[in-house]
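Colleague: Letter by letter, the sequence shown follows residues 198 to 312 of our numbering.
My questions will all concern the structure given below.
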Amino acid sequence: MEYEIKYKPSYSMLVVNLEPDESVTAEAGAMTYMAPNINVNTRKREKSILGTLGLALFGGQSFFVNDYQAQNSPAEVAFVAAPVGDIDVLEGKPNQGYIIESASYIASAQNVDLD
């Protein structure tokens with residue numbers, strides 16, 4: 198997976214290039230455009246329904262996330278922040294967690310745990 202942040206510092210857009218069968222997970226409503234060969238799967242954000250409800254009610258985040266997977270050939274998908282603003286990358290390390298301000302999450306690799 199390769200990505201680029203365009204149009205910084207305001208009105209930033211995250212453009213992700215996926216190889217076949219590669220996926221990216223994103224906040225519901227963050228996608229601006231995608232290639233026609235991308236499959237979209239919507240799922241609950243959390244593993245437990247109570248965790249998902251807590252985030253949706255108290256954290257200001259969506260109840261759902263979308264998984265975007267390239268089918269059969271490379272594909273491009275793009276995301277923006279809401280409200281409009283800058284986008285930056287937070288590189289995760291194994292066994293290291295982050296607490297992210299509500300409505301700040303846009304997208305991540307599919308192996309990132311959103312609990």
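Backbone N, C-alpha and C define an ideal beta-carbon position, used for all residues, glycine too.
1. Per DSSP, ASN263 forms a beta bridge with which residues?
2. Relative to the C-alpha of PRO206, which residue among ASP218, VAL277, ASP310 is closest?
3. Rounded to a whole number of angstroms, what is the C-alpha to C-alpha distance between ILE235 and ASN292?
4. I'd like to know whether the C-beta atoms of GLY282 and SER209 end up nearer to each other than 8 Å.
5. With the cut-off set at 8 Å, would you say ALA153 and VAL221 are in Cβ contact?
Modeller: Checking against the coordinates, here is how it stands:
1. Taking the first residue of the sequence shown as position 1, residue 263 is located at position 66. For ASN263, which the question treats as bridged, DSSP gives the partners ALA223, THR239.
2. Stepping through the sequence shown from its first residue, residue 206 is reached at position 9. Ranking ASP218, VAL277, ASP310 by Cα distance to PRO206 puts VAL277 first.
3. Reading the sequence shown from its first residue, position 38 is the one you call residue 235. Reading the sequence shown from its first residue, position 95 is the one you call residue 292. Cα to Cα, the separation comes out at about 30 Å.
4. Locating residue 282 in the sequence shown gives position 85, counting from the first residue. Locating residue 209 in the sequence shown gives position 12, counting from the first residue. Yes, the pair counts as a contact, with Cβ atoms nearer than the cut-off.
5. This structure cannot speak to residue 153, because the chain is shown only from 198 to 312.
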